[in-house]
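K.L.:
Before I ask anything, here is the structure I am working with.
So this is what it looks like as structure tokens:
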């Protein structure tokens, strides 16, 4: 695991060091910061209580930006600029802080709106897919079988085409997580 080390500017956790000032954050700066340090993702977790509606899976759209805890003041300013989300430690005892937004209304009205007005460069392929997924989740399209399949396929097309996912897409689309879990035993 890569640790934060200010003597190693090439560490994965230390991609940008930012000096916090009292100036208001500029939307162009925010977009550049997110291009370097942000993530648009859709988590797919096993949730047997959702067996009837979403085949035992829970879909959660998330926007987040992470920094070393030494830059917490900057993350707080970022959070204030967005007007939504939460800032917290990424893990127990860890030194990484995250500013995260999961509320669908905030994602649609603040995050998506911002990045549709101010175009991303690095994340320009994943962002439109993320925006589509958020809009589908807001109208509960994922609760219909064909809508669920569409959202899952879109989620798998993001972020390196789902290579880092714990479950293969076929397992998610074929049935409930409980059924899949029992089949693997």
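In our numbering, the protein residues as written are 63 to 247. For glycine and all other residues, C-beta sits at the position ideal for the given N, C-alpha and C. Computed from a predicted structure; not experimentally measured.
1. Would DSSP call residue 121 helix, strand or coil?
2. Whole angstroms is fine: what's the gap from residue 83's alpha carbon to residue 220's?
3. Which class does residue 136 belong to by DSSP, given the choice of helix, strand or coil?
4. Taking C-beta to C-beta, are residue 130 and residue 87 nearer than 7 Å?
5. Quick one: is residue 117 buried, meaning 16 or more other Cβ sit within 10 Å of its Cβ, or exposed?
6. Count Cβ pairs between the region 88-102 and the region 179-189 that sit closer than 8 Å; are there 3 or more?
7. Taking residue 195 as the reference, give the member of 149, 166, 158 with the closest Cα.
8. DSSP three-state call for residue 184: helix, strand or coil?
9. What's the C-alpha gap between residue 181 and residue 204?
10. Per DSSP, what kind of secondary structure is residue 105 in: helix, strand or coil?
11. For residue 159 and residue 135, what's the separation of their Cα atoms in angstroms?
12. Under the rule that 16 or more other beta-carbon atoms within 10 Å means buried, what is residue 222, buried or exposed?
13. At 3 residues or longer, and completely inside the region 142-192: list those beta strand (DSSP E) runs for me, N to C.
14. What is the DSSP secondary structure of residue 219, counted as helix, strand or coil?
15. With burial defined as no fewer than 16 other Cβ atoms inside 10 Å of the residue's Cβ, what is the status of residue 226: buried or exposed?
16. Relative to the C-alpha of residue 115, which candidate in 133, 91, 206 has its C-alpha closest?
17. Closest to residue 149 by CA distance: which of 137, 110, 90 is it?
18. Verify whether the separation of the beta carbon atoms of residue 184 and residue 161 is less than 7 Å.
19. Where does residue 178 land, buried or exposed, given buried means 16+ other C-beta within 10 angstroms?
P.N.:
The answer reads as follows:
1. The sequence position of residue 121 within the chain shown is 59, counting from 1. In this structure, residue 121 counts as strand in the three-state DSSP scheme.
2. The residue you call residue 83 lines up with position 21 of the chain shown. The residue you call residue 220 lines up with position 158 of the chain shown. Because residue 83 sits at a pLDDT of 48, beneath the cut-off of 50, its placement in the model cannot be relied upon, and the point is left open.
3. For this step, residue 136 is matched to residue 74 along the chain shown. Helix.
4. In the chain shown, counting from the first residue as 1, residue 130 sits at position 68. In the chain shown, counting from the first residue as 1, residue 87 sits at position 25. Cβ atoms of residue 130 and residue 87: not closer than 7 Å.
5. Here the question's residue 117 lines up with position 55 in the chain shown. Under this definition residue 117 is a buried residue.
6. Because the criterion of three Cβ pairs below 8 Å is met, the region 88-102 and the region 179-189 touch.
7. Taking the first residue of the chain shown as 1, we reach residue 195 at position 133. Of 149, 166, 158, the residue nearest in Cα terms is 166.
8. Numbered from 1 along the chain shown, position 122 holds the residue referred to as residue 184. Coil, per DSSP.
9. Counting from 1 along the chain shown, the entry for residue 181 is found at position 119. Counting from 1 along the chain shown, the entry for residue 204 is found at position 142. The straight-line gap from Cα to Cα measures roughly 27 Å.
10. Sequence index remark: in the chain shown, residue 105 carries index 43 (1-based). Residue 105 falls in the strand class under three-state DSSP.
11. Position 97 of the chain shown, counted from the start, is the residue given in the question as residue 159. Position 73 of the chain shown, counted from the start, is the residue given in the question as residue 135. CA-to-CA, the gap between residue 159 and residue 135 works out to about 10 Å.
12. Working through the chain shown from its first residue, we reach residue 222 at position 160. Exposed, by the Cβ-count rule.
13. Segments of the beta strand (DSSP E) lying fully in the region 142-192: 148-151, 158-163.
14. Start at 1 with the first residue of the chain shown, and residue 219 comes out as number 157. In this structure, residue 219 counts as coil in the three-state DSSP scheme.
15. The residue labelled residue 226 in the question sits at position 164 within the chain shown. A residue is called buried when at least 16 other Cβ atoms come within 10 angstroms of its Cβ; residue 226 does not meet this threshold and is exposed.
16. Against the chain shown, residue 115 aligns to sequence position 53. Out of 133, 91, 206, 206 has the C-alpha closest to the C-alpha of residue 115.
17. Taking the first residue of the chain shown as position 1, residue 149 is located at position 87. Nearest of 137, 110, 90 to residue 149, Cα basis: 137.
18. What you label residue 184 is simply residue 122 of the chain shown in a count that begins at 1. What you label residue 161 is simply residue 99 of the chain shown in a count that begins at 1. No; because the gap between Cβ atoms is not below 7 Å, this pair is not in contact.
19. The residue you call residue 178 lines up with position 116 of the chain shown. An exposed status is given to residue 178, since fewer than 16 other beta-carbon atoms sit within 10 Å of its beta-carbon.
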